[in-house]
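To start, the structure under review is shown below, and the notes come after it.
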Amino acid sequence: MVPTLVDRSDEFSGNAKVRMTNLSHREWIYRMAYEAGRHVIGYEVDEVRAAVDWFKQTGPAGRPVGVVGTAKGV
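Heads up, the sequence shown is in the working numbering, so the first residue is -17 and it goes up one at a time.
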């Protein structure tokens, strides 16, 4: 399984008929999460923890589950 991270690009940020912005998708989510007392990294960690829980439930009992990452997930 490869979890997806919040995109760092600003493609499609805005409406061409109204106004475009250079605010990245990650920054936009970060600002909304801050208002709710959360953090973008927390959302990504929750995504991985949910996958680990799923693997534990569907896999053989007692078998360990590992998580490996590199850099910023890029």
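Glycine included, C-beta positions come from ideal geometry on N, C-alpha and C. Model, not experiment: these values are computed from the prediction.
(message) Which of the three DSSP states is assigned to Arg1 in this structure?
(response) Strand at Arg1.
(request) Could you pull the start and end residues of the alpha helix (DSSP H) that Arg13 belongs to? (result) 7 to 17
(message) Suppose you measure from the CA of Ser6 to the CA of Asn(-3); what does that come to, to the nearest Å?
(response) 14 Å
(message) DSSP three-state label for Gly41, please.
(response) In the three-state reduction of the DSSP assignment, Gly41 falls in the coil class, being assigned neither a helical nor a strand state.
(request) For Gly(-4), name the three-state secondary structure that DSSP assigns. (result) In the structure shown, the three-state DSSP call for Gly(-4) is strand.
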